[in-house]
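Counting from 0, one number per residue, gives the positions in the sequence shown under numbering that gives the first Met the number 0. Each residue gets a CB set at the ideal place from its N, CA and C atoms; glycine is no exception. Quantities reported herein were computed from a predicted structural model and do not represent experimental measurements. First up is the structure itself, then whatever we jot down about it.
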Amino acid sequence: MTITVPSTAGGLVISGSIDYRAKLGYGVVHGTGRDTSSDGLIEWTADTVLVHPMANAPAEAPASPPGPGWFSRPLHTTGSALDASLAIALGLGSDRPDNAALLPQNGATWRGQDQWDGHQVDVMTGPDAGAKPGTGGTVRYWIGSDGTMYRVQVEVASQARPVVIDFDTGEYVPVQPVPGVGPRP
Numbered sequence: 000m001t002i003t004v005p006s007t008a009g010g011l012v013i014s015g016s017i018d019y020r021a022k023l024g025y026g027v028v029h030g031t032g033r034d035t036s037s038d039g040l041i042e043w044t045a046d047t048v049l050v051h052p053m054a055n056a057p058a059e060a061p062a063s064p065p066g067p068g069w070f071s072r073p074l075h076t077t078g079s080a081l082d083a084s085l086a087i088a089l090g091l092g093s094d095r096p097d098n099a100a101l102l103p104q105n106g107a108t109w110r111g112q113d114q115w116d117g118h119q120v121d122v123m124t125g126p127d128a129g130a131k132p133g134t135g136g137t138v139r140y141w142i143g144s145d146g147t148m149y150r151v152q153v154e155v156a157s158q159a160r161p162v163v164i165d166f167d168t169g170e171y172v173p174v175q176p177v178p179g180v181g182p183r184p
């Protein structure tokens with residue numbers, strides 16, 4: 000997956016994977032339109048973020064996180080576009096489906112069809128998310144006819160532009176926690 004986080008000082012792009020079974024995300028962060036001070040590796044759960052700054056971050060995260068050099072902090076659900084993006088991406092793996100009969104009552108609508116990455120998709124807005132911490136209200140989903148989610152676009156309260164989360168269709172590979180300090184799923 001790729002998470003594109005907007006910012007007035009230039010954005011961040013996180014490329015990696017989320018293990019929805021273990022509720023653990025891991026990837027590499029690159030700044031866009033800014034210096035490389037934000038570049039490095041990142042691993043997160045619903046309440047913890049671990050960062051490993053790197054002057055020359057790789058294009059892809061290593062299969063297993065390296066050992067030393069990680070810094071831990073709480074994941075903040077408000078006031079940070081990055082943290083809101085991480086929480087939203089992890090939350091997309093909820094094991095409790097929404098009640099389809101109630102979705103239209105909460106503002107969910109079908110917006111039309113589109114092409115995305117060579118796939119015919121339906122574009123839908125989700126229920127109003129304005130009451131959820133860190134969100135600005137509108138969520139759009141790009142869903143294939145087989146139910147595959149290809150893209151999610153979310154307005155976050157702290158940014159004028161939406162966060163974009165793009166998914167690939169790779170096989171499930173468990174995310175490994177950071178050795179010795181990693182968040183435990």
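Checklist entry - Where residue 173 and residue 68 are concerned, what is the direct C-alpha to C-alpha distance, given to the nearest angstrom? => result For the purposes of this step, residue 173 is taken as residue 174 along the sequence shown, with counting starting at 1. For the purposes of this step, residue 68 is taken as residue 69 along the sequence shown, with counting starting at 1. The straight-line gap separating the alpha-carbon atoms of residue 173 and residue 68 is approximately 22 Å.
Item to check | Endpoints, alpha helix (DSSP H) assigned at residue 84 | outcome: Counting from one through the sequence shown, the residue named residue 84 turns up at place 85. Residue range 80 to 90 is occupied by the alpha helix (DSSP H) that includes residue 84.
Item to check | Delimiting residues of the beta strand (DSSP E) encompassing residue 157 | outcome: The count along the sequence shown starts at 1 and reaches residue 157 at position 158. Looking at the DSSP string, residue 157 is not in any beta strand (DSSP E), and its letter there is neither H nor E.
Item to check | Segments of 4+ residues assigned as alpha helix (DSSP H) that fall wholly inside the stretch 23 to 73 | outcome: none
Item to check | Cβ-based neighbour list, residue 74, same chain, cut-off 8 Å, excluding 5 preceding and 5 following | outcome: Taking the sequence shown and counting its residues from 1, one reaches residue 74 at position 75. 43, 44, 45, 46, 47, 48, 82, 85 and 86.
Next on the checklist: Using a Cβ distance threshold of 8 Å, determine whether the stretch 4 to 22 contacts the stretch 49 to 57, with at least three qualifying pairs required.
Outcome noted: A contact between stretches requires three or more CB pairs, one per stretch, nearer than 8 Å, and the stretch 4 to 22 fails this requirement with the stretch 49 to 57.
Next on the checklist: Does residue 172 come out as helix, strand or coil in the three-state DSSP assignment?
Outcome noted: On the sequence shown, residue 172 is found 173 positions in, with the first residue counted as 1. DSSP places residue 172 in coil when its eight states are reduced to three.
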